[in-house]
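First comes the structure, then the notes that go with it.
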Amino acid sequence: MLRSVVFYFCLVLVELNLGNASRRYCPPKFSRQGSYCFTLSDKTYMIKFGFEHFFKDLCSKIGGKTFEVTTWEDQRAAERFLKERGVIEKVWLRGYILRMEFRHTTNSFVWATDFHPKVYNFVSPDTVTMASGKWSRGSCVVMDPQRDYKWDKAICDKERHQALCYM
């Protein structure tokens, strides 16, 4: 009798584990949002030039990567995470502006940069009128919860923010 109870219990455990095989769990300090596990860097950081190495290190210390928005779903997942955490300050996104151009014919921005978003409607509205001066060489990208989660520029080596990290 005890054997059959133990065998049944083992079968239930195997079934539970198989049922959850497709579910992805987030490690401690990370929270699930959409298909991502998000967290914020433990400290605020000052971005220095040589950004590629820095962006990698910014979140790798806590086991993640600096988040980069490439789809509407990415943007919405980041917004939901920041809202749930009550974040009101700007956070770094992965990106560094080398050159930007606004194309009125397509109503979109074209980037020549390491920043690869495919969704451009998240750029702050004043960027359109200040495109040549506001987004200049040496700018990094932040998401601003106080401006409806729009992207804005931040001077890489002058501003300190937390980074939005994911895995």
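For reference, each letter of the sequence shown is one residue, going -21 to -1, 1 to 146 in mature numbering (1 follows the signal peptide of the UniProt record, and there is no 0). Yeah, the Cβ is synthetic: ideal placement off N, Cα and C, and Gly gets one too. Since the structure is predicted, the reported quantities are computational estimates derived from the model, not experimental observations.
- DSSP, read as helix, strand or coil, puts Phe60 in helix.
- Partner residues in the beta bridge of Cys144, as assigned by DSSP, are Thr18 and Thr45.
- About 22 Å separates the CB atoms of Cys135 and Thr18; that is not less than 8 Å, and the two are not in contact.
- Straight-line measurement puts the Cα of Ala56 at about 16 Å from the Cα of Gly43.
- Looking at the DSSP output, Val70 sits in a beta bridge with Met122 and Gln141.
- For Arg11, DSSP records a beta bridge to Cys16.
- The alpha carbon of Arg139 has as its nearest neighbour, out of Phe9, Glu68 and Gly13, the alpha carbon of Glu68.
- Distance between Gly13 and Arg64, taken at the CA atoms: about 15 Å.
- Taking Asp53 as reference, the option from Pro6, Arg73 and Lys40 with the minimal CA-CA separation is Arg73.
- Here Ser10 has Cys16, Phe17, Thr18, Phe60, Glu63 and Arg64 as same chain residues with Cβ atoms under 8 Å from its own Cβ, once five neighbours each way along the sequence are excluded.
- Around the C-beta of Ser20, 16 or more other C-beta atoms lie within 10 Å, and the residue is accordingly described as buried.
- Looking at the backbone, the Cα of Lys40 and that of Ala142 are separated by about 12 Å.
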